[in-house]
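Down below is the structure, laid out as structure tokens.
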Amino acid sequence: MQRIHFETEHDMFRDAFSAFLHKEVVPHQETWEEAGVVDRAVWKKAGEMGFLLPWADEEYGGTGLKDFRYEQIMCEELAKINEPGFMIPLHSALCGPYIAEYGNAEQKARLLPGIIRGETILAVAMTEPSAGSDLAGMRTTAVDQGDHYLLNGSKVFISNGLLADVVIVAAKTDPANKHAMGLFLVERGMPGFERGRNLKKLGMKSQDTAELFFNNVKVPKTNVLGDAKAGFFYLMNMLAQERLTNACGAVAGAEAALQTTIDYVKERKAFDRTVAQFQNTRFKLAEMRTQIDVAQVFVDRCVMDHNQKKLTPEVAAEAKLFTTELLGKVVDEGVQLHGGWGYMWEYPICRMYANARIQRIFAGTSEIMKEIISRGMKL
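Counting from 0, one number per residue, gives the positions in the sequence shown under numbering that gives the first Met the number 0.
Structure (structure tokens):
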């Protein structure tokens, strides 16, 4: 199906980013997977090419491309090569905007240039061992000590947890108000800031997902984003873009899984004919083709609405819910159509299956998405 919302400059950007991935990422994927982390060098190379925070103002080293279609393209191209560890979308579309939106002039001047160059890698720490989607239930605290905050607590499932040089940490700042929290910029090397093990996961094996611990970390007030009691609002305000980013990657992942499945069934033979010649196979592929096309049109519309600041949290939740559930169905059907080989790690569909499962959980589970959507219906 032809997509009509991309223009010539977007096609040029896609070609450049795809070429970068095939030169600097694809040859190293197996090594990164075994190591459980990508090489820091690739971040700097991406920065040199202008692929990190492309929306940032030129005064900080960005290119000023304030158009979410560029973020969408990077999500799609990363999905095509099935690379879950090199999380440019997390760095550029999720973490960076917190600093740009809520940081002051000094913070932006101090941090954004290194972030754009890939010298400073970002992470955001919200999830805790006892509080996942329920941000109001977090236990990490930050106590005002005059010229600094004293940060105590722990976070878990933090993407870029080992590589990150700056972590945006959410913490409670008023015991009397469960929604009063701040966003604190915790930098590598701060005393009391420790990282746990690189968590062993079902999929996303090249992504350094870690536990983080904060034991009396002194965070200077120059490292507080905005109002130290308005962090909950800041987080809620950014979730629509986060979920749209998830949706862009999910529908692209579904497309990639469909294509690798089509390639396989056209070659694999059973009972003297290719698997693609069986009616069941053709019908399954037809269903997936239709569902992906429908999802893609919806996501593309959401991207354009987001560019015009018209995307609502409810519609963003719909996009994440539909696309991540669809991704789960497509990779599952893909494994089935591969037969026993679909269960073998050497086949792309197996890795896609493992990588896809988390999509229905992080950035808010499918159940939370349904709750958000239903609230918007004013039932």
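Ideal Cβ placement from N, Cα and C applies to all residues, glycine included.
Check	Outcome
Endpoints, the beta strand (DSSP E) within which Thr244 is located	Counting along the chain, Thr244 falls outside any beta strand (DSSP E), though it belongs to the alpha helix (DSSP H) covering Gly230 to Glu266.
Other residues of its chain near His27: CB distance less than 8 Å, five sequence neighbours each side excluded	Val37, Asp38 and Val41
Three or more C-beta pairs below 8 Å linking the stretch 129-144 and the stretch 158-167	no
Cβ neighbours of Asn197 in the same chain (closer than 8 Å, five flanking residues each side left out)	Gly35, Val36, Gly160, Leu161, Asp207, Thr208 and Ala209
C-alpha gap between Met189 and Met125, whole angstroms	19 Å
Run of the alpha helix (DSSP H) containing Phe16, from where it starts to where it stops	Thr7 to Glu23
Contact set for Lys309: own chain, Cβ-Cβ below 8 Å, skip 5 residues either direction	none
Val329 beta carbon less than 9 Å from that of Ala253	yes
Option in Asp10, Glu76 and Ile3 with minimal Cα separation from His21	Glu76
Sub-9 Å separation of Thr172 and Ala227 beta-carbons	yes
Local Cβ density within 10 Å of Met368, reported as buried at 16 or more and exposed below that	buried
Given 8 Å, three or more beta-carbon pairs between the stretch 177-184 and the stretch 241-255	no
Helix, strand or coil at Asn215 according to DSSP, with G and I counted as helix	strand
Under the three-state DSSP convention, the category Ala227 falls into	coil
Cut-off 8 Å between Cβ atoms - residues of its own chain near Glu105, not counting five sequence neighbours on either side	Thr221
Contact set for Asp299: own chain, Cβ-Cβ below 7 Å, skip 5 residues either direction	Arg2 and His4
Residue from Arg242, Phe282 and Glu33 with nearest C-alpha to Ile372	Arg242
Of the residues Lys268, Met351, Tyr148 and Phe321, the one placed nearest Gln295, counting alpha carbons only	Phe321
Opening and closing residue of the beta strand (DSSP E) in which Asn197 lies	Phe192 to Asn197
Thr280 versus Ile291, Asp262, Val293 and Glu345, residue with shortest Cα-Cα distance	Asp262
Whole-angstrom distance between Leu325 and Leu201, CA atom to CA atom	19 Å
Where Arg272 sits in the DSSP three-state scheme	strand
Which of helix, strand or coil DSSP assigns to Gly35	coil
Test: Val329 CB closer than 9 Å to a CB of chain B	Within the model displayed, chain B is absent; a lone protein chain is all it includes.
Option in Lys283, Leu257 and Val218 with minimal Cα separation from Asp146	Val218
Straight-line Cα distance separating Lys204 from Val25	15 Å
Contact set for Glu313: own chain, Cβ-Cβ below 7 Å, skip 5 residues either direction	Ile371, Ile372 and Gly375
Every unbroken alpha helix (DSSP H) within the stretch 51-91, with a cutoff of 4 residues, ordered by chain	67-79
Pairwise C-alpha distance: Val168 and Tyr233	12 Å
Bridge-paired residues (DSSP) for Val314	DSSP output for Val314 lists no bridge partner at all.
Inter-residue spacing [alpha-carbon to alpha-carbon] between Gly327 and Glu82	17 Å
Cβ-based neighbour list, Pro347, same chain, cut-off 7 Å, excluding 5 preceding and 5 following	Asn81 and Thr259
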